[in-house]
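Residue numbers (numbering that gives the first Met the number 0), protein chains in the order written: chain X, 0 to 173; chain A, 0 to 173. Using N, Cα and C, we set each Cβ at its ideal position, and we do this for glycine too.
Number of protein chains: 2
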Amino acid sequence: MTVSEQKATDRAGPAASDLAFAHHDHAHCSTDALARAEALTAAKGARMTPVRRRVLEILLEEHRALGAYDVLSRLVSEGFGNQPPVAYRALEFLVEQGLAHRIQRLNAFAACVHAGEDHAPAFLICRDCHTVAEAEAGAARAALETEAARAGFLVERTTIEAMGLCPNCRTHAA
Amino acid sequence: MTVSEQKATDRAGPAASDLAFAHHDHAHCSTDALARAEALTAAKGARMTPVRRRVLEILLEEHRALGAYDVLSRLVSEGFGNQPPVAYRALEFLVEQGLAHRIQRLNAFAACVHAGEDHAPAFLICRDCHTVAEAEAGAARAALETEAARAGFLVERTTIEAMGLCPNCRTHAA
DNA sequence: CTTGACCTGTTATGATATTACATTCATAGA
DNA sequence: TCTATGAATGTAATATCATAACAGGTCAAG
């Protein structure tokens, strides 16, 4: 099974926060993120080309993690190149620019919903609907760094992810 | 490059803790872990077969993360089956029994140095020598769960990993 | 209008992981 | 002791994820 064949996100449910799980004006959330992305890349002198923009749009539309080949298959159907590097390069660019994140656990990518905010993200991955929410990991990261310091280890990058059930799927399961 | 072709661990260096980075009586640490593994599986009625034992030994000998194919190549040279499932199944068994951990960031596996202790591990991965140390992640995990709870997310499993430089490699780099 | 950096397309291949099924092994119960 | 049974292993085939290398195109600074 490819990531794109997994069950789609159920966006209905109780509003409780600004996370992906919560019901929200997704169209606005997407266009807003895209606009910020344009501004951020322009400010850095990075080029937001058609493929890159389209990949970001795809990730934003889904609001969950997509595998590189899922992204690629959409690009192909829109006339872009159909070889893996096309997708991987665009995704790599977005991650470098802080516009997307790689979810290690899933070998997949998700759009960043806090682009430009200099944040320490943790990811909450629902094993049922596969929605990925970006949570604040400041405290967890600080705890990890404290522990690392005791060992004399210098932390450069962290991967903090949780697998479990999102609020909507908990309700449905009950 | 396969994981096994990466630079081997330099085990020399100042003793500072009971972590993998520190100089320690590795032969003892290995045989001890193996003995505990035997006891734990026996207690649970799980079968510690030759392949499984050998895979655990291999992971313990290295004291770093090995890819499934690295493990497999060693098994082959010792007369075990030479197809991927041989390695993956043994590794899966060890992970289920809490005798090894999967390092997401590396798509690799490392022996658990606290088997049977019911711990919340974080992994400190040196990007230079590739040694993987298991640190306590209780505090980081608690922080992550607190944040998840705010979103109504139920955490089932966590992945907490740090990439950086171990004490030995920091010294050598400086 | 040239040059150089960057981006894109494509080929080829490498690395990681799983499904499916046949065979062998260990052990509990007859 | 002798099976019956479930577990473990061996093997083939294939799916999935990722990168190296190079050719050609685009664009903006000089």
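Review point. Taking 8 Å as the CB-CB cut-off, is residue 75/A touching chain X?
Key: By one-based count along the second sequence, residue 75/A stands at place 76. Closer than 8 Å: no.
Review point. Which of the residues in the region 23-56 of chain A, read from start to end, lie with their CB under 8 Å from any CB of chain X?
Key: none
Practice item. Using a Cβ-Cβ cut-off of less than 8 Å, give me the residues of the region 86-116 of chain X that come near chain A, in sequence order. Key: Listed in sequence order: 103, 104.
Review point. Leaving out five residues before and five after residue 168/X in sequence, what residues of the same chain have Cβ atoms less than 7 Å from its Cβ?
Key: The count along the first sequence starts at 1 and reaches residue 168/X at position 169. Answer for residue 168/X: 125, 127, 128, listed in chain order.
Point to revise | Nearest-angstrom Cβ-Cβ length linking residue 152/X and residue 84/A, presumed shorter than 8 Å | key: Mapped onto the first sequence, residue 152/X falls at position 153. Mapped onto the second sequence, residue 84/A falls at position 85. Not really, about 35 Å apart at Cβ, beyond 8 Å.
Exercise for review: Show which residues of chain A have a CB atom less than 7 Å away from the CB atom of residue 65/X.
Suggested key: In the first sequence, the residue the question calls residue 65/X occupies position 66. Simply none; closest approach about 18 Å.
Check your understanding: In its own chain, which residues sit with a C-beta less than 6 Å from the C-beta of residue 73/X, not counting the 5 before and 5 after it?
Key -> For the purposes of this step, residue 73/X is taken as the residue at position 74 of the first sequence. Within the same chain, residue 73/X has close Cβ partners 57.
Check your understanding: Got a sec: which bits of the region 131-143 of chain A sit with their beta carbon under 9 Å from any beta carbon on chain X, in order along the chain?
Key -> 132, 134, 135, 136, 137, 138, 139, 140, 141, 142, 143
Practice item. Give the secondary structure of residue 116/X by DSSP, where H, G and I count as helix, E and B as strand, and everything else as coil. Key: Along the first sequence, read from residue 1 onward, the residue named residue 116/X stands at position 117. Residue state, collapsed to three classes: coil.
Review point. Can you name the start and end residues of the beta strand (DSSP E) that residue 108/A belongs to?
Key: Locating residue 108/A in the second sequence gives position 109, where the first residue counts as 1. Run containing residue 108/A: 107-110, per the beta strand (DSSP E) assignment.
Exercise for review: Please check if any C-beta of chain A sits within less than 8 Å of the C-beta of residue 166/X.
Suggested key: Numbered from its first residue, the first sequence carries residue 166/X at position 167. It does; some Cβ of chain A falls within 8 Å.
Check your understanding: Since residue 121/X contacts residue 110/X with CB under 8 Å, what's their CB separation in whole angstroms?
Key -> Mapped onto the first sequence, residue 121/X falls at position 122. Mapped onto the first sequence, residue 110/X falls at position 111. At roughly 16 Å, the Cβ-Cβ gap does not stay under 8 Å, so residue 121/X and residue 110/X are not in contact.
Point to revise | DSSP three-state assignment for residue 164/A, whether helix, strand or coil | key: One-based indexing of the second sequence puts residue 164/A at position 165. Residue 164/A: strand per DSSP, three-state reduction.
Check your understanding: Hey, quick one: how far does the alpha helix (DSSP H) through residue 73/X stretch, first residue to last?
Key -> Translated into positions along the first sequence, residue 73/X becomes position 74. First-last of the alpha helix (DSSP H) with residue 73/X: 67-75.
**Study point:** Within 7 Å of chain X by C-beta, residues of the region 152-164 of chain A in sequence order
**Key:** 152, 153, 154, 155, 156, 157, 158, 159, 160, 161, 162, 163, 164
Exercise for review: Would you mind giving the Cβ-Cβ distance between residue 51/X and residue 93/X, rounded to the nearest angstrom? I have them listed as a contact below 8 Å.
Suggested key: What you label residue 51/X is simply residue 52 of the first sequence in a count that begins at 1. What you label residue 93/X is simply residue 94 of the first sequence in a count that begins at 1. Between residue 93/X and residue 51/X the Cβ distance is about 7 Å, and since that is below 8 Å, they are a contact.
Exercise for review: State the Cα-Cα distance for the pair residue 156/X and residue 65/X, rounded to the nearest angstrom.
Suggested key: Looking up residue 156/X in the first sequence gives position 157. Looking up residue 65/X in the first sequence gives position 66. Distance between the alpha carbons of residue 156/X and residue 65/X: 22 Å.
Review point. So what's residue 153/X in DSSP terms, helix, strand or just coil?
Key: Start at 1 with the first residue of the first sequence, and residue 153/X comes out as number 154. Residue 153/X falls in the strand class under three-state DSSP.
Review point. When the cut-off is 8 Å and only beta carbons count, does residue 146/A lie next to chain X?
Key: Here residue 146/A corresponds to residue number 147 of the second sequence, with the count starting at 1. Yes, residue 146/A counts as interfacial toward chain X.
**Study point:** Residue-level contact to chain A via CB, residue 119/X, 8 Å cutoff
**Key:** Here residue 119/X refers to the residue found at position 120 when the first sequence is read from its first residue. Cβ-Cβ to chain A under 8 Å: no for residue 119/X.
Practice item. Look at residue 114/X and residue 32/X and say whether their C-beta atoms are less than 8 Å apart. Key: In the first sequence, counting from the first residue as 1, residue 114/X sits at position 115. In the first sequence, counting from the first residue as 1, residue 32/X sits at position 33. Yes.
Exercise for review: Assign residue 48/A to one of three DSSP states: helix, strand, or coil.
Suggested key: Counted from its first residue, the second sequence places residue 48/A at position 49. Reduced to three states, the DSSP call for residue 48/A is coil.
Exercise for review: Kindly examine the ligand ZN and report whether one of its heavy atoms sits closer than 7 Å to the Cβ of residue 149/X.
Suggested key: For the structure depicted, the ligand ZN is absent and the ligand set is empty, with no information on it obtainable.
Practice item. Would you list the residues sitting across from residue 99/A in a DSSP beta bridge? Key: Against the second sequence, residue 99/A aligns to sequence position 100. Paired residues: 110/A.
Exercise for review: Could you check if residue 27/X is buried or exposed, using at least 16 other CB atoms within 10 Å of its CB as the buried criterion?
Suggested key: For this step, residue 27/X is matched to residue 28 along the first sequence. Under this definition residue 27/X is an exposed residue.
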